[in-house]
Amino acid sequence: MENNNNVSRNEEWRVELRGSISPKERAAIERVEMPQLDPAYRITCNEEVNQGITEEQAVREATRCLDCNNPQCVTGCPVGINIPKFIKNIERRHFADAAATLKETSSLPAVCGRVCPQEKQCESKCIR
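Each residue of the sequence shown is one higher than the one before, starting from 0 at the first, in numbering that gives the first Met the number 0.
In structure tokens, the structure reads:
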């Protein structure tokens with residue numbers, strides 16, 4: 000029996016996205032860095048450090064995902080989120096579907112997103 004990731008990976012829209020740009024081209028896309036408040040200003044206030052990214056930046060970052068056949072990023076997620084499905088929904092600008100993907104395995108996705116050390120979990124498992 001196929002696992003949930005393989006089922007969603009074989010959906011027509013995912014197959015089309017994978018074919019829209021080569022893995023080599025995806026790998027060449029530079030990482031989008033999160034804009035942050037200047038440290039000199041941060042020490043004077045209690046404002047949010049991370050300033051967020053634009054829709055265009057989110058789509059560009061999502062386009063970097065190779066949509067692996069055996070996504071190790073999912074094994075690095077303690078909540079078991081189908082990370083490639085989430086990312087690929089962002090790439091195609093289906094943000095509500097991306098949010099729904101998070102809610103499939105997490106009842107508190109906003110909390111997880113805020114406190115998750117992704118660089119030590121899913122990102123550390125990524126083959127990129």
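Cβ coordinates follow ideal geometry from the N, Cα and C atoms, glycine included.
Nearest neighbour of residue i, chosen from the options [CA to CA]
{"i": "Ser123", "options": "Pro38, Gln71, Arg91 and Ala95", "result": "Gln71"}
{"i": "Leu36", "options": "Glu55, Gly51, Glu29 and Gln117", "result": "Gly51"}
{"i": "Ile20", "options": "Ala61, Ala57, Glu32 and Ser7", "result": "Ala61"}
{"i": "Pro77", "options": "Ala97, Leu101, Glu54 and Gln56", "result": "Leu101"}
{"i": "Arg59", "options": "Glu29, Cys111 and Val110", "result": "Glu29"}
{"i": "Arg128", "options": "Cys64, Gly18, Lys23 and Asn49", "result": "In this structure the chain extends from 0 to 127, so residue 128 is not present and cannot be described."}
{"i": "Val73", "options": "Arg17, Arg8, Cys121 and Lys23", "result": "Cys121"}
{"i": "Arg63", "options": "Arg13, Leu107, Glu24 and Arg8", "result": "Glu24"}
{"i": "Asn81", "options": "His93, Ala99 and Ala95", "result": "Ala99"}
{"i": "Pro116", "options": "Ser106, His93, Ala95 and Gly75", "result": "Gly75"}
Per-residue burial, residue i [other beta carbons within 10 Å of its own, 16 or more giving buried]
{"i": "Glu1", "result": "Unreliable placement is indicated for Glu1, whose pLDDT of 45 sits below 50; no coordinate value is reported for it."}
{"i": "Ala109", "result": "exposed"}
{"i": "Pro22", "result": "exposed"}
{"i": "Phe85", "result": "buried"}
{"i": "Ala97", "result": "buried"}
Boundaries of the alpha helix (DSSP H) in which residue i is found, first to last residue
{"i": "Glu111", "result": "The residue asked about is misnamed: residue 111 is Cys in this sequence, not Glu. Segment Pro108 to Val114, the alpha helix (DSSP H) holding Cys111."}
{"i": "Cys125", "result": "Segment: none, Cys125 is in no alpha helix (DSSP H) and carries neither H nor E."}
{"i": "Cys72", "result": "Gln71 to Thr74"}
{"i": "Leu101", "result": "Phe94 to Thr104"}
{"i": "Asn88", "result": "Ile82 to Glu90"}
{"i": "Glu24", "result": "Pro22 to Ala27"}
Backbone CA spacing between residue i and residue j [nearest angstrom]
{"i": "Ala26", "j": "Glu10", "result": "23 Å"}
{"i": "Leu44", "j": "Asn68", "result": "The residue asked about is misnamed: residue 44 is Cys in this sequence, not Leu. Whole-angstrom Cα-Cα distance: 45 Å."}
{"i": "Glu32", "j": "Glu118", "result": "13 Å"}
{"i": "Ile126", "j": "Pro34", "result": "25 Å"}
{"i": "Gly79", "j": "Thr104", "result": "6 Å"}
{"i": "Pro83", "j": "Asp66", "result": "6 Å"}
Chain C within 9 Å of residue i, Cβ atoms only
{"i": "Arg8", "result": "No chain C appears in this structure, which consists of one protein chain only."}
Between the segment 79 to 98 and the segment 37 to 44, can you find at least three pairs of beta-carbon atoms closer than 8 Å?
no
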